[in-house]
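Enquirer: Let me give you the structure first, and then I'll get to my questions.
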Amino acid sequence: MEQNIIKVENLSKSFEIASKKPGLKGTIKHFFRRETQNINVIKDISFEIKRGEIIGFLGANGAGKTTILKMLCGLIYPSAGKLSVSGYLPYKRKVNFLKNITLIMGQKQQLIWDLPPIESFYLNAAIYDIDKFEAKRRIKRLSEMLEIDKELYIPVRKLSLGQRMKAELLAALIHKPNILFLDEPTLGLDINAQRNLRKFLQIYNKETEATICLTSHYMKDITYLCRRVICVHEGSITYDGSLDKLLKKLSPVNDILIICRSDKDANQLSNSGLMIKNRNKKEITLTIKKNAITSTLKEILNKFDIEDLYISETPVDEIIGEILINKKV
Amino acid sequence: MKLKKYIKIYTLFLYTSLSSELEYKTNLIIDFVTAILSLIGSIFLLTIFFQNTDNIGGWNFQQALIIQGIYTILNGITNTWFNPNLTEIVKHIREGTLDFVLLKPVDSQFFISLKKIAPSGFLEIILGFALLFYCIRINQININLAFLFLCLTTVICSILILYSLWFLISTTTIWFVKTWNATEVLRSFLYIGRFPLNSFSFSLKIFFSIFIPIAFITSIPSGVFLGLAKLWEIILEIIVCGIFLIASRRFWLFALKYYTSASS
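Listed in order, the protein sequences are those of chains A and B. Under my numbering, the residue at position 125 of the first sequence is numbered 121, and the numbers go up by one with no gaps. Under my numbering, the residue at position 220 of the second sequence is numbered 402, and the numbers go up by one with no gaps.
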């Protein structure tokens, strides 16, 4: 359980990208003589992932999360650094390595569009050397877990996005991979479909001890599944550690709504020197440091006549949003 | 074991793409009608060429029909396998779905070259063979084992040269992203291959033998049918086929190092 299955050391990746100036002049110039620039997409990153861990990669669009996943699964060659996944050099794409991993992309699909998903499953089973009997057993088990047993015989083009994503998952998991790379798997799904997918991934991780590397812009995916997150900003890692610690670090305060019994109490509380976020007659919202909540509340309850109070956490989306725009965590 | 696995996968490729095509019945019927009309049109064109002369580039009408027969078979193979698969490479690379192919424990060139088939091309292959058998009769060609072996060898080499050329061009998509036009140019050259090579000027003959080896694709197999091909030409065809196959394979493996995958 403690063994590192993914090791990344000083990994970098740069791409040559053509840039074009606007207007007809720019277009003609671009056609005859392309100006290219070398962009460092990933800059000297290092991390390790243990077997069975679920890791969330956080970052804004273009931060480099997908590039990291693509290097880990062997799709693109790194420009510099060391990389080992399950003991293999991913970009060599050895058969045994490929049988160990899977990549699921929320915005791309591998199922045959005009046929029912079951046909794609059997094709994948043949590709991964799984005999028909075993494939049938796995399809049955996974389709029950994913609750798509009825949709197996309906052409993919007739399925809803949620059903299609589940079928994509099944196609990607038929060979029982040890490492799952998921690039925004819940993209475009409704709330229920997102929740079902998250639940499935959690159960799959528990049952198979598979390692899961996940990128998502839906924070619920991250908070539900990942205990550890890696924050990526402009190709560099800005944070690597527990999600709880990150949230405490980024959101050291809580908002507390206090409803006073009288205007007099409300006025006194407003002038007590505490940080007031806003006030609506007898309702006052205070911002209090997390480590001082107990003592401050005790003091307020002793001094003032309070009708009710509510403690609210800052939404995770807001906190994570900060990470996406700020370089330092 | 590996061969058995690949045969099993290919059988599934055949089955799934046939099933996909059969989902759209009307489209399939239109494709079949197009194939028949295209052959009739081509023969009609040849009759127009031969209306005022008995001989073009040393070939008479009956002999020129052999080239037409081979062209029809090659066109059928192009429409059955090359067109649905090799034009898809461009799409795979542009849209980044090549990712799924590269992550499968199966040869990527095999996968992208043979995943799909278009059944309408089968009809062209059958029509092409029918025309060839007709030509064998009207040209009074004696069939023996050696003749069949040479015909089969040169036709297979033609198919492989055409495949390699097409695959080489499609592979450049990894750098140039869009190369649909280049493969269309190749199809146009194949169209030229319906006419005897000797009917072209010297410079064009050189061009079609060296740069775009159309000569190897239709003229040499036709020469074999008529007993006109020389041994060195057949050997050269086999060598050219080998060179093109190896080159396309090496180039594909080399190009994959530069694959950057489409952004998500």
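Heads up, the beta-carbon is just placed ideally off N, CA and C, and yes, glycines get one too.
Relative to chain A, which residues along the region 285 to 310 of chain B have a C-beta separation below 7 Å, given in chain order?
Expert: With the criterion set as a beta carbon lying under 7 Å from some beta carbon of chain A, the members of the region 285 to 310 of chain B are L285, K286, P287, V288, in sequence order.
Enquirer: In whole angstroms, give me the CA-to-CA distance for B/I428 and A/K195.
Expert: For the purposes of this step, residue 428 of chain B is taken as residue 246 along the second sequence, with counting starting at 1. For the purposes of this step, residue 195 of chain A is taken as residue 199 along the first sequence, with counting starting at 1. Taking the straight line joining both Cα atoms gives about 49 Å.
Enquirer: Identify the continuous alpha helix (DSSP H) that holds B/E306 and give its terminal residues.
Expert: Against the second sequence, residue 306 of chain B aligns to sequence position 124. Note, B/E306: alpha helix (DSSP H), 302 to 320.
Enquirer: Using the beta-carbon of each residue, which ones in chain A are nearer than 7 Å to B/L358?
Expert: Residue numbering aside, residue 358 of chain B sits at position 176 when the second sequence is read from its first letter. In the sequence as displayed, the identity of residue 358 of chain B is Phe instead of Leu. Under the 7 Å cutoff, chain A gives no residues; its nearest Cβ is about 11 Å from B/F358.
Enquirer: With a threshold of 16 other CB atoms inside 10 Å of the CB of A/E140, please say whether the residue is buried or exposed.
Expert: To locate residue 140 of chain A, count along the first sequence from 1; it is residue 144. Result: exposed.
Enquirer: With a CB to CB cut of under 7 Å and the five nearest residues on each side skipped, what residues in its chain are close to B/F182?
Expert: Absent from the structure is residue 182 of chain B, since the part of chain B shown begins at 183 and ends at 446.
Enquirer: Say the cut is 6 Å; is the CB of A/I187 nearer than that to a heavy atom of the ligand MG?
Expert: You won't find the ligand MG in this model; it holds no ligand whatsoever.
Enquirer: By the three-class DSSP mapping on this structure, what secondary structure does A/C222 have?
Expert: Position 226 of the first sequence holds residue 222 of chain A. Three-state DSSP puts A/C222 in coil, outside helix and strand.
Enquirer: Between A/M(-3) and chain B, is any beta-carbon pair separated by less than 7 Å?
Expert: Sequence index remark: in the first sequence, residue -3 of chain A carries index 1 (1-based). Low per-residue confidence applies at A/M(-3): pLDDT is 47, beneath 50, and the placement is therefore not dependable, though the value from the model is reported in the following sentence. For A/M(-3), no CB of chain B lies under 7 Å from its own CB, so it is not counted at the interface with that chain.
Enquirer: When the cut-off is 7 Å and only beta carbons count, does B/L194 lie next to chain A?
Expert: Walking along the second sequence from the start, residue 194 of chain B turns up at place 12. So, interface residue.
Enquirer: Tell me where the beta strand (DSSP E) around A/K146 begins and ends.
Expert: For the purposes of this step, residue 146 of chain A is taken as residue 150 along the first sequence, with counting starting at 1. Run containing A/K146: none; DSSP gives neither H nor E here.
Enquirer: Would you say B/F282 faces chain A, with C-beta separation under 7 Å as the test?
Expert: Numbered from its first residue, the second sequence carries residue 282 of chain B at position 100. Judged by the 7 Å Cβ criterion, B/F282 is in contact with chain A.
Enquirer: If we define contact as Cβ-Cβ less than 7 Å, is B/K207 a contact residue for chain A?
Expert: Counting from 1 along the second sequence, the entry for residue 207 of chain B is found at position 25. No - not a single Cβ of chain A is within 7 Å of the one on B/K207.
Enquirer: Closest Cβ-Cβ distance between B/K190 and chain A: below 7 Å?
Expert: On the second sequence, position 8 is the one that residue 190 of chain B refers to. It does: the Cβ of B/K190 has a partner Cβ on chain A nearer than 7 Å.
Enquirer: How many Å lie between B/P287 and B/K187 at the Cα?
Expert: Against the second sequence, residue 287 of chain B aligns to sequence position 105. Against the second sequence, residue 187 of chain B aligns to sequence position 5. Going from the Cα of B/P287 to the Cα of B/K187 covers about 11 Å.
Enquirer: In chain B, which residues lie with their C-beta within 8 Å of the C-beta of A/A122?
Expert: Here the question's residue 122 of chain A lines up with position 126 in the first sequence. In chain order: K187, K190, I191, L194.
Enquirer: Does the distance from the C-beta atom of A/P181 to that of A/I50 stay below 7 Å?
Expert: Along the first sequence, one-based indexing puts residue 181 of chain A at 185. Along the first sequence, one-based indexing puts residue 50 of chain A at 54. Their beta carbons are not under 7 Å apart, which means A/P181 does not touch A/I50 by this criterion.
Enquirer: Compute the beta-carbon to beta-carbon distance between A/I254 and A/I289, rounded to the nearest angstrom, for a pair I have assumed lies under 8 Å.
Expert: The residue you call residue 254 of chain A lines up with position 258 of the first sequence. The residue you call residue 289 of chain A lines up with position 293 of the first sequence. So it is not a contact: roughly 12 Å between Cβ atoms.
Enquirer: At a CB-CB cut-off below 7 Å, which residues of chain B make contact with A/F11?
Expert: If you number the first sequence from 1, residue 11 of chain A lands on position 15. Near A/F11 (Cβ distances below 7 Å), the residues of chain B are T442.
Enquirer: Could you tell me the alpha carbon to alpha carbon distance between B/I189 and B/L196, rounded to whole angstroms?
Expert: For the purposes of this step, residue 189 of chain B is taken as the residue at position 7 of the second sequence. For the purposes of this step, residue 196 of chain B is taken as the residue at position 14 of the second sequence. Near 10 Å, if we compare the C-alpha coordinates of B/L196 and B/I189.
Enquirer: Helix, strand or coil for A/I1? Go by DSSP, reduced to three states.
Expert: Taking the first sequence and counting its residues from 1, the one referred to as residue 1 of chain A is at position 5. Here A/I1 sits in strand by DSSP.
Enquirer: When we look at the beta-carbon of A/R160 and count the other beta-carbons within 10 Å, is it buried (16 or more) or exposed?
Expert: Position 164 of the first sequence, counting from 1, holds the residue named residue 160 of chain A. That one is buried.
Enquirer: Using the beta-carbon count (16 or more within 10 Å), is A/N274 buried or exposed?
Expert: Residue 274 of chain A sits at position 278 when you count from the first residue of the first sequence. Exposed, since its Cβ has fewer than 16 Cβ neighbours within 10 Å.
Enquirer: Quick test of the definition: if touching needs 3 or more C-beta pairs under 8 Å, does the region 242 to 253 of chain B touch the region 318 to 331 of chain B?
Expert: yes
Enquirer: Taking Cβ positions only, does A/Q106 come closer than 7 Å to chain B?
Expert: Your numbering for residue 106 of chain A matches position 110 in the first sequence. Yes, contact with chain B.
Enquirer: Rounded to a whole number of angstroms, what is the C-alpha to C-alpha distance between A/C373 and A/N250?
Expert: This structure cannot speak to residue 373 of chain A, because chain A is shown only from -3 to 325.
Enquirer: Buried or exposed: where does A/G158 fall if 16 or more other Cβ atoms within 10 Å of its Cβ makes it buried?
Expert: Stepping through the first sequence from its first residue, residue 158 of chain A is reached at position 162. Buried is the call here.
Enquirer: Please return the same chain residues whose Cβ sits closer than 6 Å to the Cβ of A/K162, not counting the five positions on each side in sequence.
Expert: Working through the first sequence from its first residue, we reach residue 162 of chain A at position 166. Contacts found: L142, I144.
Enquirer: Where in the region 104 to 190 of chain A do unbroken runs of the alpha helix (DSSP H), each at least 4 residues long, occur, reported from the N-terminal end onward?
Expert: 113 to 123, 128 to 142, 157 to 169
Enquirer: By the 8 Å beta-carbon criterion, what residues does the region 424 to 439 of chain B contribute toward chain A?
Expert: K439
Enquirer: Use the C-beta contact count for A/D261: other C-beta atoms within 10 angstroms, 16 or more gives buried, fewer gives exposed.
Expert: Reading the first sequence from its first residue, position 265 is the one you call residue 261 of chain A. Classification of A/D261: buried, given that the 10 Å Cβ count is 16 or more.
Enquirer: Any beta-carbon of chain A closer than 7 Å to the one on B/T198?
Expert: Counting from one through the second sequence, the residue named residue 198 of chain B turns up at place 16. Chain A, which has a Cβ nearer than 7 Å to the Cβ of B/T198, makes this yes.
Enquirer: Would you please verify whether the beta carbon of B/T336 is less than 7 Å from any beta carbon of chain A?
Expert: Against the second sequence, residue 336 of chain B aligns to sequence position 154. Not closer than 7 Å to any Cβ of chain A, the Cβ of B/T336 fails to qualify, so no.
Enquirer: Below 8 Å on the Cβ atoms is my guess for A/Q106 versus A/A167; work out the distance and round it to an integer in Å.
Expert: By one-based count along the first sequence, residue 106 of chain A stands at place 110. By one-based count along the first sequence, residue 167 of chain A stands at place 171. That pair is a contact at about 6 Å.
Enquirer: Can you pull the chain A residues whose beta carbon is under 7 Å from the beta carbon of B/T229, in chain order?
Expert: Residue mapping note: residue 229 of chain B aligns to position 47 of the second sequence, counting from 1. What B/T229 touches in chain A: nothing, since even the nearest Cβ is about 41 Å away.
Enquirer: Exposed or buried, B/F390, counting other C-beta atoms within 10 Å across all chains shown (16 or more means buried)?
Expert: To locate residue 390 of chain B, count along the second sequence from 1; it is residue 208. With 16 or more other Cβ atoms within 10 Å, it is buried.
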